[in-house]
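In terms of my numbering, the sequence shown opens at residue 9 and continues consecutively. Following: one structure in structure tokens, then a few remarks.
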Amino acid sequence: MSASIEVKGLTKYFGQLLAVDHVSFEVEAGEIFGFLGPNGAGKTTTLRMLTDLTRPSEGSAKILGMDTVKDSLSVKAVIGIVPEASNVFLELTTEGNLTFTGALYGLRKKVRNERTDELISLFDLEPHRAKKGMELSLGLRRRLTIAMSLMHNPQVVFLDEPTSGLDVESSRLIREVFNDLHRKGVTTFLTTHNMEEANQLSHRVAVINDGRIIAIDTPELLKQAASESQSLEVAFDKDLDETGEKDLAALPCVGDVRLLGDKYHLVTSDPPCVLDSLYPFMAAHGLKPVSINTFGPSLEDVFVKLTAGREEVARDE
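Structural data, given as structure tokens:
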């Protein structure tokens with residue numbers, strides 16, 4: 009499978025500030041590629057260089073074999089961009105926003121109209137077809153913004169926090185759309201703070217911190233790096249007293265205990281070990297389990313471990 013995005017030594021200085029530090033990676037055709045990092049890590053600057061909204065200080069990036077600087081117009085013709093802030097035209101209707109976007113990309117009127125109808129149906133915007141952008145809710149504007157980015161059938165789509173602030177229904181719809189685009193061979197570059205979204209959507213994930221790529225792999229393989237962050241969650245039929253909480257924290261293999269709502273969250277590297285000691289603990293305290301669940305490390309656990317580790321190294325240096 010050939011690479012849709014090729015990045016080599018991509019670097020950006022803002023004065024003396026090194027925002028992106030010689031970043032290199034590839035994104036395969038049809039892949040959904042998650043790009044994660046804390047605030048100020050270089051995510052948005054990298055995204056802006058890939059879409060030629062900011063010129064790199066050093067290095068290069070290619071989209072479908074075209075240089076993002078030398079072939080800027082050709083690149084923009086084959087990519088879709090979804091910015092973090094929805095950029096719909098407030099005075100235009102939903103239909104008007106889509107047809108106007110199609111006109112900007114040079115689509116013929118018949119094609120524009122057909123594509124508009126298709127996207128309105130895909131994003132469930134039919135009841136809002138005649139509403140102006142200013143009349144749409146945040147979630148509907150977000151749907152429309154993404155629909156506009158797909159108007160010209162791009163081969164590569166760049167998403168900056170696509171579901172930020174959206175309700176569950178809108179978020180699920182957008183995830184379904186991009187899974188369908190993947191099946192059609194469209195490449196997606198996703199920056200997000202939503203770890204669960206990245207986990208569900210991404211085939212591979214890159215983690216950037218302090219302008220450098222510190223990890224690239226599949227979500228499941230990255231999770232293996234945080235095996236000590238497994239957990240067991242238990243709810244009892246009655247509340248624990250202070251002694252009970254101390255005894256729970258003292259169980260073998262328990263690294264930390266947190267009360268989350270009506271459940272106790274036990275962090276451990278060995279869930280079976282905790283389970284072996286949990287039942288004698290309940291018998292000693294006259295407790296019955298309402299629910300017991302075990303969880304492997306999450307992508308959020310991996311993210312926290314990787315970025316915290318880098319920060320500690322930086323402080324030592």
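Built from N, CA and C at the ideal position, the CB exists for glycine as well.
Item                                                                                                                                                              : Value
Leaving out five residues on either side along the sequence, give the residues of the same chain with a beta carbon under 6 Å from the beta carbon of alanine 27. : Lys20, Gly50, Thr53 and Gly219
Use the C-beta contact count for phenylalanine 244: other C-beta atoms within 10 angstroms, 16 or more gives buried, fewer gives exposed.                         : buried
Is it the case that the Cβ atoms of phenylalanine 166 and phenylalanine 197 are separated by a distance below 7 Å?                                                : yes
Quick check: what's the CA-CA separation for isoleucine 300 versus glutamate 241?                                                                                 : 6 Å
Can you check whether the C-beta of glutamate 241 is within less than 7 Å of a C-beta belonging to chain C?                                                       : Protein chains in the displayed structure number just one, and chain C is not present.
Check whether the stretch 272–291 and the stretch 208–215 are in contact - that is, three or more C-beta pairs closer than 8 Å.                                   : no
For a quick check, are the C-beta atoms of glutamate 103 and arginine 150 less than 7 Å apart?                                                                    : no
Just reading off the beta strand (DSSP E) that tyrosine 21 is part of, what are its end residues?                                                                 : 11–22
Hey, would you say glycine 110 sits closer than 7 Å to methionine 159, going by beta carbons?                                                                     : yes
Among the candidates Asp75, Thr76, Leu61 and Val77, whose CA atom is the shortest distance from the CA of proline 91?                                             : Leu61
Across which residues does DSSP place alanine 138 in a beta bridge pair?                                                                                          : Note: alanine 138 sits in no beta bridge, so no partner.
Any idea what DSSP makes of asparagine 47, helix, strand or coil?                                                                                                 : coil
Rounded to the nearest angstrom, how far is the Cβ of isoleucine 40 from that of threonine 59, given a contact under 8 Å?                                         : Actually they do not touch by this definition, with Cβ atoms about 17 Å apart.
If I measure Cβ to Cβ from threonine 107 and keep anything under 8 Å in the same chain, skipping five residues before and after, which residues do I get?         : Arg120, Asn121 and Thr124
Tell me whether phenylalanine 22 is buried or exposed, calling it buried when 16 or more other Cβ atoms sit within 10 Å of its Cβ.                                : exposed
Using the Cα positions of valine 321 and threonine 315, report the straight-line distance between them to the nearest angstrom.                                   : With a pLDDT of only 37 at valine 321, under the threshold of 50, the placement of this residue in the model should not be trusted, and no figure is reported.
From glycine 141 to glycine 147, what does the alpha carbon distance come to, in whole angstroms?                                                                 : 12 Å
Could you give the C-beta distance for asparagine 187 and leucine 307, rounded to a whole number, given that I count them as a contact under 8 Å?                 : With 8 Å as the limit, asparagine 187 and leucine 307 do not qualify as a contact, their Cβ atoms being about 17 Å apart.
Alpha carbon to alpha carbon, how far is asparagine 217 from arginine 323? Give it in angstroms, no decimals.                                                     : A caution first: arginine 323 carries a pLDDT of 35, below 50, which makes its placement in the model too unreliable to give a value.
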